[in-house]
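Heads up: the structure comes next, in structure tokens.
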Amino acid sequence: MTLDKNFDPAAIEARWYEHWENKGLFRPERDDREPFTIVNPPPNVTGSLHIGHALDNTLQDIIIRHERLKGKDALWVVGMDHAGIATQMVVERQMNERQQKRTDFTREEFVEKVWEWKEESGGTITQQLRRLGCSMDWSNERFTMDDGMNEAVLKVFVDLYNEGLIYRDKRLVNWDPALKTAISDLEVETVDVKGQFWHFKYPLADGVTLADGRDYIEVATTRPETMLADMAVAVHPGDERYKSIVGKEVVLPITGRRVPIVADEHADPELGSGAVKITPGHDFNDFEVGKRAGFAAGEMLNMLDGEANVCQTADGLVPDEFIGLHRFRKEGVDGARELVVQRLKEQGFLIPHISKNKDGEEIQHDAEPRTIATPFGDRGGVVIEPWLTDQWYVDAETLAQPAIEAVKSGAIEIVPKSWEKTWFNWMENIQPWCVSRQLWWGHRIPAWFDENGQIYVAMDEAGAQAQAGAGVLLSRDPDVLDTWFSSALWPFGTLGWPEKTKDLERHYPNDLLISGFDILFFWDARMAMQGIHFMKDVPWKRLYLHGLVRAEDGSKMSKSKGNVVDPLGLIDQYGADALRFFMAAMESQGRDIKMDDKRVEGYRNFATKLWNASRFCEVNGIGASNTLAAPKAALPVNRWIISEVVETQRALDKALADLRFDAAANTIYHFTWDRFCDWYLELTKPVLQGEDAAAADETRIVAGWVLDQIIVMLHPFMPFITEELWHAMGERSYDLIVAKWPEPKAEIDAQAKAEVDWLIKLVSELRSVKVDLNISPGTKMTAHVRDGDDELEAKIARQGAALDRVGRLEAISFDAAPDGPSAQIVVDGATYVLPLAGAIDIDAEKARLTKTLEAAQKEAKSLSGRLGNPNFVEKAKPEAVEKARADLADKEAEAERLQAAINRLG
RNA sequence: GGGCGUAUAGCUCAGUGGUAGAGCACUUCGUUGACAUCGAAGGGGUCGGGAGUUCAACUCUCUCUACGCCCA
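Numbered per the numbering used here, the first sequence finishes at 906, counting up by one with no gaps.
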């Protein structure tokens, strides 16, 4: 097989992916090997691959391919999330386009349509993950609503209920009036918006007055409409202004409701008038105040329906003109808020806000402008309404304790460690988790009610009926569970739980979880809680959190900003390998990644470089190696490159073990390009083309082996090009994806390393001198060595061909240089005098040498200064002192030779 | 208000208790038959400000400033 002149990623990617998948190589049979397990964060069935997925999945694939190459039974579990709200919204939107709505159908019909949509259009992302090269186990692809997961979800719900860790409760929830469902605290996003602060007079009942004679109490609010459901006015118990009226009542304007004045710490005497209106049914703080004031949750007045329109309160006091109005101005139409303000103003209960304009004139406003931290639903996008309903709650506080302990004890290692604090802070202040959703798409809650409202929780209706007794009429709770309730079970539900399967036994706990920090609470924390509770062990031993991929300017990517980068476009342009390598190289712990196309292009170039190096090998008879261990080698350059492989592999393994993806990528990148391509292949050209057949054979064998090691070590990062080259370089008995990770069984050869390092330094100096003296790079030169020894002479003899070919140094003599113009270089204690044909620019050469001399002198001076400090010699580590002494000697010797060289110039 | 993070070359970022590195960009040169998606040689930073610990700090501590994120 001959490699094409140009590398075309598109031509090979699909072919290799299909090959791997069809041959089942993502999950080879390895029951006898050590297991290694990662579960993929199940993407939403509605989703398509975005740049964040590309990062997340590339990192996971690097790890799983690395472990697979190391021979482990590497399992990467994959599947999709039913994404309750998101999916229901997609299908409803499509219905709207056809002038239909969800409620035109029965629940069963609607759910059936969602399934149809899921089968037809859902899961685009799974094809896109394949394009990225991700080697997950598709043969066992899961879904959060497949039979096995259903079973797991039901069991978890029933068990938690029976243990008292799931309960039904009436309290305020975050209600999304757009989606008409409860949502959890995490799904609420608080945003600062410009709003207004109104001040009202609430008249005191029964002729009561304050000390100053006022017959009203002043309250202020950002939500005037809720006064229709006010049930109290609170003042601080220590507030002297109001002490006399605690226990008295006010008569609310508009409704005429008589409500008590209560003392409660919640009222801040410093804020406004110090008195606050209390609406327990529509405000979380007021709910608590209401409870303390003795109202039961069931007594708290509700004035809004599920769409946040005004409805009549239980006491019937809301005037008809308010009924049906939206809570506030919506789509240009005034709502209850505006009408309340208008009526209060008309009736003289509004206290105007006075401001001064720039001329010092007073201006009256209805309200004071103010920035208000306002809760929005993350999906529905409208203001959340605290609403009093019956919902199901998980006792998260109890479940969190072992999850906190797991991180404290090290059973779970969080990487980077800085996230531990966030984990603890959240877990230690965790609130009950509202898990019921008023949706149709999702896991229906396995709870049944009888006609008296008695609850029966069971795996199925028969079980509930058995509990209730024959003949009792039961109806099932219509609600479904929060999507995250099921994905929390992913690390064990996908392995067969509650069945005791072999997979479950072998692959739980998972070894590693890689996720973005944005789902730390939503998903990671809940997996930890559920996993530990049901499996009695942590879900994963390590948790790696990565950042966000940002736009080139550092801003967050969003559709509305139009700055979203499509990973598939990048794959089309540069190849999947280049995009993957970019992700790895940019992933340093604890930092977001800024998108940079130029850098992706750079890694495309890297792939091309490797391709061309392989072509060079191919035409020089270098091919697939037949040994895993490093070949025996005599030539220093071969011994050197083998040592470099050993060092590279050590550094790479360490970086991957530490989850330092950037260090790992850079290690293999620089070895391949700088060491192998730029030096090794250049230095061995004269050997390959030389007379010494034995040396050439050795070099071909070593070069083939090194290229193999590169291909294997690079495979986790760039799976496609490496698999292509693996096969192109020779006959293989297995595919690269299941090849063996390097085991060079060789040590670092210090002697060879020193020799090649010297050679590289000398060649670099030779090149440098030519540029400085304006000598054409191809010019062949001769050198006369001063201060050389036998060892140097031997080295020069061994490397003569390389010096000639790569250094353009055709002869080296140990005789004194002839008189006449020459350039001089100093390398490792010897001076090389390079006679030049014709005149040279003496000043340029002098300047060049002087610059080098000054650098050496500067360093020598700094070192001698340090060594001259008795404190340094006494207190510093002996190694540091030794090194300083050695460095000083070197630098002084170098400076001396350079000075001599300058002197010789006259 | 609480917590976390970041400030290093023009840009994007690594980095170590012993006076700094990469990629891109920039400058100059280059057809030594793998590669111009390339090669060679360079220029460019007192590592945000201040104080402290230390023989020695870009690296540790404190503080200030700026920016970002999360929570309340």
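No residue lacks a Cβ here, since even glycine has one placed at the ideal position from N, Cα and C.
Just so we're clear, the structure is a prediction, and the values are computed from it rather than from any experiment.
Alpha-carbon spacing of residue i relative to residue j, whole angstroms
| i | j | result |
| --- | --- | --- |
| residue 906 | residue 844 | 13 Å |
| residue 333 | residue 266 | 34 Å |
| residue 629 | residue 805 | 30 Å |
| residue 722 | residue 496 | 35 Å |
| residue 163 | residue 395 | 10 Å |
| residue 97 | residue 90 | 11 Å |
| residue 325 | residue 519 | 37 Å |
| residue 795 | residue 699 | 18 Å |
| residue 412 | residue 513 | 10 Å |
| residue 63 | residue 134 | 11 Å |
| residue 309 | residue 336 | 8 Å |
| residue 876 | residue 693 | 53 Å |
| residue 340 | residue 360 | 31 Å |
| residue 193 | residue 187 | 18 Å |
| residue 197 | residue 180 | 28 Å |
| residue 881 | residue 888 | 10 Å |
Beta-carbon proximity of residue i to residue j, cut-off 8 Å
| i | j | result |
| --- | --- | --- |
| residue 443 | residue 475 | no |
| residue 83 | residue 106 | no |
| residue 826 | residue 750 | no |
| residue 244 | residue 293 | no |
| residue 37 | residue 75 | yes |
| residue 575 | residue 604 | yes |
| residue 138 | residue 21 | yes |
| residue 716 | residue 649 | no |
| residue 589 | residue 415 | yes |
Exposure label - residue i; buried when at least 16 CB within 10 Å
| i | result |
| --- | --- |
| residue 799 | buried |
| residue 488 | buried |
| residue 777 | exposed |
| residue 527 | buried |
| residue 13 | buried |
| residue 734 | exposed |
| residue 947 | No answer is possible for residue 947: it lies beyond the span of the chain, which begins at 1 and ends at 906. |
| residue 369 | exposed |
| residue 109 | exposed |
| residue 226 | buried |
| residue 65 | buried |
Identified DSSP bridge partners for residue i
| i | result |
| --- | --- |
| residue 80 | 143 |
| residue 96 | BP columns for residue 96 are empty, so no partner. |
| residue 277 | 233 |
| residue 70 | DSSP, once it has assigned bridges, lists no residue as partnering residue 70. |
| residue 355 | 363 |
| residue 169 | 391 |
| residue 849 | Answer by DSSP bridge pairing: none, since residue 849 is not bridged. |
Local conformation of residue i per DSSP, three classes
| i | result |
| --- | --- |
| residue 115 | helix |
| residue 180 | coil |
| residue 377 | strand |
| residue 813 | strand |
| residue 150 | helix |
| residue 574 | helix |
| residue 659 | coil |
| residue 265 | coil |
| residue 602 | helix |
| residue 8 | coil |
| residue 636 | helix |
| residue 342 | helix |
| residue 224 | helix |
| residue 631 | coil |
| residue 593 | strand |
| residue 409 | helix |
| residue 208 | coil |
| residue 865 | helix |
| residue 27 | coil |
| residue 218 | strand |
| residue 394 | strand |
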